[in-house]
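See below for the structure under consideration.
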Amino acid sequence: MKRALCTVFALAFALACSKGSETAAPADGGAGDSSAGSSFAAGAPRPKLVVVIVIDQFRADYLTRFEAYFGDSGFKRIARQGAIWTGHYGHYATYTGPGHALILSGSYPYLNGISANKFFNPETRRSEAMVFDAEAEIVGVKKTDPDMDVSPRNFVGSTVGDELALVTARQSRTIALATKGRGAILLGGRLGKAYFMNDDTGEMTTSTYYSSVLPNWVVGWNSKKLADAQFGKAWERALPEAAYAISGPDDAKAEGDSKGLGKTFPHKVNGKLGAPGPDYYEAFVQTPFANDYELDFARAAIENEQLGGRGVTDLLAISLSAIDLAGHTFGPSSQEVQDIVVRVDKQLGAFFDWVYARLGAENVVTVVTADHGATPVPEQMKAIGFEAGRIKKKTIGDAVEAALVARFGAPPASKEPPREGEKDKAAKGERWVVALEDPHVFLNRAAIAAKKLDPQEVEQAAGRAASGIKGFGGYFTRSQLVQGSVPPTPLALSILRSYHAPHGGDVVLWTLPFYFWGKYGEKDVGSTHGTFYRYDSEVPVLLSGPGVRAGRYGVREMVDLAPTLSHLLGVVAPAASEGNIVPIF
Ligand SMILES: [Zn+2]
Numbered sequence: 005m006k007r008a009l010c011t012v013f014a015l016a017f018a019l020a021c022s023k024g025s026e027t028a029a030p031a032d033g034g035a036g037d038s039s040a041g042s043s044f045a046a047g048a049p050r051p052k053l054v055v056v057i058v059i060d061q062f063r064a065d066y067l068t069r070f071e072a073y074f075g076d077s078g079f080k081r082i083a084r085q086g087a088i089w090t091g092h093y094g095h096y097a098t099y100t101g102p103g104h105a106l107i108l109s110g111s112y113p114y115l116n117g118i119s120a121n122k123f124f125n126p127e128t129r130r131s132e133a134m135v136f137d138a139e140a141e142i143v144g145v146k147k148t149d150p151d152m153d154v155s156p157r158n159f160v161g162s163t164v165g166d167e168l169a170l171v172t173a174r175q176s177r178t179i180a181l182a183t184k185g186r187g188a189i190l191l192g193g194r195l196g197k198a199y200f201m202n203d204d205t206g207e208m209t210t211s212t213y214y215s216s217v218l219p220n221w222v223v224g225w226n227s228k229k230l231a232d233a234q235f236g237k238a239w240e241r242a243l244p245e246a247a248y249a250i251s252g253p254d255d256a257k258a259e260g261d262s263k264g265l266g267k268t269f270p271h272k273v274n275g276k277l278g279a280p281g282p283d284y285y286e287a288f289v290q291t292p293f294a295n296d297y298e299l300d301f302a303r304a305a306i307e308n309e310q311l312g313g314r315g316v317t318d319l320l321a322i323s324l325s326a327i328d329l330a331g332h333t334f335g336p337s338s339q340e341v342q343d344i345v346v347r348v349d350k351q352l353g354a355f356f357d358w359v360y361a362r363l364g365a366e367n368v369v370t371v372v373t374a375d376h377g378a379t380p381v382p383e384q385m386k387a388i389g390f391e392a393g394r395i396k397k398k399t400i401g402d403a404v405e406a407a408l409v410a411r412f413g414a415p416p417a418s419k420e421p422p423r424e425g426e427k428d429k430a431a432k433g434e435r436w437v438v439a440l441e442d443p444h445v446f447l448n449r450a451a452i453a454a455k456k457l458d459p460q461e462v463e464q465a466a467g468r469a470a471s472g473i474k475g476f477g478g479y480f481t482r483s484q485l486v487q488g489s490v491p492p493t494p495l496a497l498s499i500l501r502s503y504h505a506p507h508g509g510d511v512v513l514w515t516l517p518f519y520f521w522g523k524y525g526e527k528d529v530g531s532t533h534g535t536f537y538r539y540d541s542e543v544p545v546l547l548s549g550p551g552v553r554a555g556r557y558g559v560r561e562m563v564d565l566a567p568t569l570s571h572l573l574g575v576v577a578p579a580a581s582e583g584n585i586v587p588i589f
């Protein structure tokens with residue numbers, strides 16, 4: 005009983021529990037003294053700044069695989085001084101949006117609303133980004149892609165940064181940044197400010213959700229033109245070529261060649277253009293140069309927003325997008341991924357040096373983690389004897405369409421005229437399959453209603469047809485998921501946790517290991533992520549700072565991170581947080 009009390013009330017009773025009682029012993033074999041516990045009981049000052057680094061697509065094994073090439077001030081410093089564990093994402097759709105929404109909220113997609121990167125909106129009849137907001141606009145230059153108009157409005161609940169703001173009369177500031185919009189926005193919560201790169205200009209911008217104009221310091225920072233400064237440069241290996249033997253040949257099977265980068269070192273970064281432009285910025289964001297760009301912006305944010313300098317705990321969240329983009333192009337076993345991981349360790353080391361020198365290491369809580377892992381390149385797996393592959397959307401769409409027409413007849417003509425962008429539909433007529441956004445199949449609900457069909461029967465017929473395609477393991481229907489009637493397996497539970505009914509499809513398909521579909525299934529090169537499997541769902545978690553007991557804490561659910569961080573900071577956990585507190589105190 006005493007042990008339970010000491011755990012539950014660690015905040016108030018840390019001193020009492022630490023005195024002469026066997027219950028004070030660290031539960032997980034950590035080396036620290038539990039009396040260091042909370043800042044309240046120990047009388048330690050609250051941290052000035054929380055720095056949350058999310059490395060997009062940083063698989064758990066990257067830390068161990070490339071350990072020999074890391075310096076002392078990056079990952080190894082946080083691991084040495086702090087808590088380290090493997091974080092497991094318990095939801096199926098391990099994509100950037102869902103991962104980033106979960107990290108600082110501690111809630112699964114079914115609850116936080118960010119269940120995928122894209123979904124089909126039956127009202128607008130368009131597949132739109134989960135962070136798209138018709139009421140928001142990107143600030144500054146805007147091209148035709150409406151998905152650049154973003155906000156956190158679809159995010160339900162609160163984040164650690166929101167809770168810090170709520171208990172300080174909004175004095176605490178959260179600044180989130182990334183080159184990808186969703187990476188920044190979902191870490192910023194509802195009350196923070198998010199900055200991301202405008203793909204058309206290479207400058208950092210924001211959404212009118214936060215402000216209709218950029219702060220002067222952002223305008224000033226943009227005038228440095230840091231993206232343009234790398235135009236025409238080459239991305240070379242940071243280590244001697246022999247060090248890359250653990251990643252295999254440079255020109256490995258099915259590596260991509262994106263925006264003129266080529267498949268092998270040195271990678272020329274110019275987007276095949278004569279001067280900086282959108283294709284160049286798309287090449288730039290896949291290189292280590294983009295991490296320097298982001299970390300430079302982060303320093304400017306700390307200086308100009310006086311983060312950590314105003315008597316309250318502020319939060320700076322940085323999502324480093326480059327490894328994800330390089331991973332998609334070259335695959336997780338490529339020399340390019342090895343190189344960019346080794347470089348990010350150095351880049352972060354220099355950044356930590358700067359932050360700790362400015363604020364004092366004892367005043368900074370540092371978190372390093374990732375939003376998801378990465379799938380091996382299927383062609384490389386096939387070549388060594390695994391069952392692996394890409395499933396094309398057309399194969400899925402055709403199989404489902406044929407099965408539904410055979411069973412229920414053609415869908416009746418819609419009474420609504422085709423909208424802009426629906427020329428195909430006007431030519432081909434109505435279809436049963438209206439959109440494919442992995443892992444969801446969206447069916448023509450208006451046609452199901454018009455024909456007075458039982459939705460569950462149609463969903464099952466569609467699921468059976470699709471899951472007969474090689475590479476799929478099975479399916480769940482919308483009716484089944486809404487009722488929560490799934491078998492008691494971890495995989496089924498992961499799909500349930502990923503299913504947010506307002507944005508959910510009519511059928512959810514699950515693949516076998518090493519198979520995938522969607523945007524990267526359409527290509528014949530590169531790789532992706534987005535499944536239940538461990539290569540996609542396991543990431544590292546490193547956490548250091550005042551009050552953290554150094555040690556290794558095994559494997560924990562990623563929903564545990566936000567409540568653990570909240571507890572460390574002495575604030576209430578985010579509203580919809582579902583995790584447990586990792587005993588790092
Ligand atoms: Zn991602």
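So that you can map any letter, position 206 of the sequence shown is 210 in my numbering, and since no number is skipped, the others follow by simple counting.
For every residue, glycine included, the Cβ atom is placed at its ideal position computed from N, Cα and C.
Keep in mind it's a predicted model, so treat the numbers as computed, not measured.
Beta-carbon proximity of residue i to residue j, cut-off 8 Å
i    : j    : result
Y99  : Y503 : no
L299 : I179 : no
A466 : V404 : yes
K350 : G75  : yes
V164 : P578 : yes
G101 : R186 : yes
I1   : N202 : Because the chain spans 5 through 589 in this model, residue 1 falls outside it and cannot be assessed.
G91  : A554 : no
R177 : D283 : no
D51  : G488 : In the sequence as presented, Asp is not what sits at residue 51; that position holds Pro. No, they are not a contact pair.
G377 : A182 : no
For residue i, the three-state DSSP class (helix, strand or coil)
i    : result
G33  : With a pLDDT of 37 at G33, under the threshold of 50, the predicted position of this residue should be treated as unreliable, though the coordinate-derived value follows. Reduced to three states, the DSSP call for G33 is coil.
L181 : strand
E420 : coil
D137 : coil
R362 : helix
S581 : coil
N116 : helix
R69  : helix
D343 : helix
S131 : strand
V559 : strand
H444 : strand
S400 : Note that residue 400 is Ile in the sequence shown here, rather than Ser. I400: helix per DSSP, three-state reduction.
A87  : strand
S570 : helix
A553 : The question names Ala, but residue 553 is Arg in the sequence shown. Coil, per DSSP.
S77  : coil
R394 : strand
I588 : coil
Y539 : helix
Distance between residue j and residue i (C-alpha atoms, nearest Å)
i    : j    : result
A238 : S131 : 36 Å
I57  : I107 : 11 Å
E366 : V552 : 11 Å
A249 : V341 : 13 Å
G558 : S418 : 55 Å
V543 : A173 : 34 Å
G278 : K272 : 12 Å
G509 : F446 : 5 Å
G530 : K523 : 11 Å
C10  : H571 : Only weak support exists for where C10 lies, its pLDDT of 35 falling under 50; the coordinates are left without a value.
F518 : D442 : 15 Å
S119 : G193 : 16 Å
D255 : A105 : 35 Å
G413 : E434 : 12 Å
H507 : F159 : 12 Å
F293 : V462 : 49 Å
is_contact[residue i, chain B] using C-beta, thresh 8 Å
i    : result
F476 : Any reference to chain B falls outside this structure, which holds one protein chain only.
Unbroken stretches of the beta strand (DSSP E), 3 residues or longer, contained in the segment 186–234: 197–201
Would you call the segment 133–146 in contact with the segment 476–488, where contact means no fewer than 3 C-beta pairs closer than 8 Å? no
Is the segment 307–316 touching the segment 344–352 in the sense that three or more CB pairs, one from each, lie closer than 8 Å? no
For a minimum of 4 consecutive residues, which ranges assigned as the alpha helix (DSSP H) are wholly contained in the segment 237–303? 282–288
Check whether the segment 222–231 touches the segment 192–208, taking contact to mean three or more Cβ pairs, one atom from each stretch, closer than 8 Å. yes
Cβ contact check for the segment 580–588 and the segment 553–563: 3 or more pairs under 8 Å: yes
Is the segment 487–500 touching the segment 286–300 in the sense that three or more CB pairs, one from each, lie closer than 8 Å? no
Under 8 Å, with one C-beta from each stretch per pair, do the segment 246–264 and the segment 375–387 reach the 3-pair mark? yes
Is the segment 352–364 close to the segment 327–337, with three or more CB pairs under 8 Å? no
Inside the segment 472–501 only - alpha helix (DSSP H) runs reaching at least 4 residues: 482–487
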